[in-house]
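Colleague: A single structure is presented below for examination.
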Amino acid sequence: MQAVRRFLSSNDFIDVTTPKVVGVATEGGTALFPITYFEREAFLNQSPQLFKQILMSAGFDRVFEIGPIFRAEEHDTRKHLNEATSIDIEASFADHNDVMNILEQLIAYIYHELTIRAEDALSTLNLTLDVIELPFERLKYDEAVQIASAGGEEIEWGDDLTTAAEIIIGEAIVESTGRGHYFIVDWPTKIKPFYAMPYENKPSVCKAFDLMHRDMELSSGAQRIHSTELLTQRILEQGLDIGGFESYLNAFKYGMPPHSGWGLGTERLLMTMLKLDNIRDTVLFPRDRKRLTP
Numbered sequence: 001m002q003a004v005r006r007f008l009s010s011n012d013f014i015d016v017t018t019p020k021v022v023g024v025a026t027e028g029g030t031a032l033f034p035i036t037y038f039e040r041e042a043f044l045n046q047s048p049q050l051f052k053q054i055l056m057s058a059g060f061d062r063v064f065e066i067g068p069i070f071r072a073e074e075h076d077t078r079k080h081l082n083e084a085t086s087i088d089i090e091a092s093f094a095d096h097n098d099v100m101n102i103l104e105q106l107i108a109y110i111y112h113e114l115t116i117r118a119e120d121a122l123s124t125l126n127l128t129l130d131v132i133e134l135p136f137e138r139l140k141y142d143e144a145v146q147i148a149s150a151g152g153e154e155i156e157w158g159d160d161l162t163t164a165a166e167i168i169i170g171e172a173i174v175e176s177t178g179r180g181h182y183f184i185v186d187w188p189t190k191i192k193p194f195y196a197m198p199y200e201n202k203p204s205v206c207k208a209f210d211l212m213h214r215d216m217e218l219s220s221g222a223q224r225i226h227s228t229e230l231l232t233q234r235i236l237e238q239g240l241d242i243g244g245f246e247s248y249l250n251a252f253k254y255g256m257p258p259h260s261g262w263g264l265g266t267e268r269l270l271m272t273m274l275k276l277d278n279i280r281d282t283v284l285f286p287r288d289r290k291r292l293t294p
């Protein structure tokens, strides 16, 4: 985390803290932990997304946060936790390519810093970190679907990638590039969050991306919608309650610059760096659907 803070601070990002108890779903959907907040229902926050964007309208050009996120997903796998630590950034006057560049530079910096500063620990573990080469491959969603289909996993255009598809794609990337990290870009708008910016000349595709390591999603991000009208339309299209987003939408009415950002899961990053088989090995006190103590 020290390396992350050094890198982001040196690139003019301001460290912020946002609420973890909220009154509306950040990402939509049902993966929420409800709690009683005095006389009202509230939720544990899925991500700092809405708050990051509000800060863009308040003149904070670049912000980052390292903090907990909560997902009430019922997955019980080697790569899922219900409480995790996320590294999030948001940057004004930046598009999706700009923040992808920042993300891959951060990954390279972390690997480099740990190789130097944790040399003794890595030696004890008999572990050598990969050498990161930039830039990472940019693979379009359409190309990813074709690779999956060629490998025997049929994906209908507009559907999310299955675990089997991600394995096939990851193996193909490693075989063709010799590297584990790559981006999947230009996703169907309908399967990405409401705030992802569609392409002006092709609204069915948006300026969203996932950073992958082999078959593991490490990060998701996008250029965000900065138009109040389009944002309202997308919220309604996804069947969300527009009333719950009133304070969020108000920030856009007073002037919102073009902006982009991403969130990066620290546990998954560590899991891939240290070549661990289970994400629980990256956490002192993991929280999954079966574990609540200690």
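Under UniProt numbering, the first residue of the sequence shown is numbered 1, with each subsequent residue one higher. From the three backbone atoms N, C-alpha and C, an ideal C-beta is built for every residue, glycine too.
Taking 9 Å as the cut-off, decide whether the C-beta atoms of Gln49 and Asp88 are in contact.
Modeller: Pairing Gln49 with Asp88 gives a Cβ-Cβ distance under 9 Å.
Colleague: When you compare each of Lys202, Gly23 and Asn45 to Glu39 by their alpha carbons, which one comes out closest?
Modeller: Gly23
Colleague: Grab me the residues of Leu139's own chain with a C-beta within less than 6 Å of its C-beta, minus the 5 sequence neighbours each way, in chain order.
Modeller: Within the same chain, Leu139 has close Cβ partners Tyr182 and Ile184.
Colleague: So, with DSSP's three-state summary, where would you put Arg280?
Modeller: helix
Colleague: Leaving aside the five residues before and after Leu55 along the sequence, list all residues of the same chain whose C-beta is less than 6 Å from its C-beta, in chain order.
Modeller: Val63
Colleague: Quick check on this structure: which residue in Lys52, Pro193 and Gln2 has the alpha carbon closest to the alpha carbon of Leu106?
Modeller: For Leu106, the closest C-alpha among the options Lys52, Pro193 and Gln2 is that of Gln2.
Colleague: Are the CB atoms of Leu103 and Leu270 within a distance shorter than 9 Å?
Modeller: no
Colleague: Can you tell me which of Ala222, Thr232 and Thr266 puts its alpha carbon nearest to the alpha carbon of Glu246?
Modeller: Closest in alpha carbon position to Glu246, among Ala222, Thr232 and Thr266, is Thr232.
Colleague: Quick check on Ala91: does DSSP put it in helix, strand or coil?
Modeller: strand
Colleague: Beta-carbon within less than 7 Å of Arg214's beta-carbon, same chain only, minus the 5 sequence neighbours each way: which residues are those?
Modeller: Gly170, Val174 and Gly180
Colleague: Less than 7 Å between C-beta atoms, sequence neighbours within five positions excluded: which residues of the same chain meet that for Ser149?
Modeller: Ile155
Colleague: Taking just the CA atoms, how far does Thr266 sit from Thr282?
Modeller: Going by the C-alpha atoms only, they are around 9 Å apart.
Colleague: Nearest to Ala84 by CA position, among Lys20, Arg117, Val16 and Glu153, is which residue?
Modeller: The closest CA to that of Ala84, considering only Lys20, Arg117, Val16 and Glu153, is found on Lys20.
Colleague: Give the C-beta separation of residue 305 and Ser57 to the nearest angstrom, bearing in mind that I take them to be a contact with Cβ-Cβ under 8 Å.
Modeller: This structure cannot settle anything about residue 305, because the visible part of the chain is limited to 1 through 294.
Colleague: Strictly by DSSP, which residues pair up with Ala208?
Modeller: Ala222
Colleague: Who are the Cβ neighbours of Ala72 in its own chain at under 7 Å, not counting the five residues just before and after it?
Modeller: Closer than 7 Å at the Cβ level, and outside the excluded window around Ala72, lie Ala31, Leu32, Phe33 and Asn82.
Colleague: Is Ser33 helix, strand or coil when you go by DSSP?
Modeller: Note on residue identity: the sequence assigns Phe, not Ser, to residue 33. DSSP, reduced to helix, strand and coil, places Phe33 within a strand of the structure shown.
Colleague: Whose C-beta lies closer than 6 Å to the C-beta of Ala251 among residues of the same chain, with five residues either side of it excluded?
Modeller: Ile54 and Ser57
Colleague: Rounded C-beta distance between Arg224 and Gly261? I'm assuming under 8 Å.
Modeller: 7 Å
Colleague: Do Asp186 and Tyr141 have their beta-carbon atoms positioned less than 9 Å apart in this structure?
Modeller: yes
Colleague: My output table needs one value for Leu264: the three-state DSSP class, helix, strand or coil.
Modeller: strand
Colleague: What is the DSSP secondary structure of Thr85, counted as helix, strand or coil?
Modeller: strand
Colleague: Among the candidates Pro135, Met212 and Leu134, whose CA atom is the shortest distance from the CA of Ala172?
Modeller: Met212
Colleague: Mind checking whether Leu122 and Thr128 have CB atoms under 9 Å apart?
Modeller: The answer is yes: Cβ separation under 9 Å.
Colleague: To the nearest angstrom, how far is the alpha carbon of Ser204 from that of Gly151?
Modeller: If I take the Cα positions, the gap works out to 26 Å.
Colleague: Let's test the definition: count the other Cβ atoms within 10 Å of the Cβ of Lys275 and tell me whether it reaches 16, buried, or not, exposed.
Modeller: Exposed is the call here.
Colleague: Taking the straight line between their C-alpha atoms, what separation do you get for Gln238 and Asn101?
Modeller: 29 Å
Colleague: Terminal residues of the continuous beta strand (DSSP E) containing Phe285?
Modeller: It is not in any beta strand (DSSP E) - Phe285 carries neither H nor E in the DSSP assignment.
Colleague: From the DSSP output, which residues share a beta bridge with Ile66?
Modeller: Ile87
Colleague: What is the DSSP secondary structure of Ile58, counted as helix, strand or coil?
Modeller: First, the residue type needs correcting, since residue 58 is Ala and not Ile in the sequence shown. Of the three classes helix, strand and coil, the one that applies to Ala58 here is coil, per DSSP.
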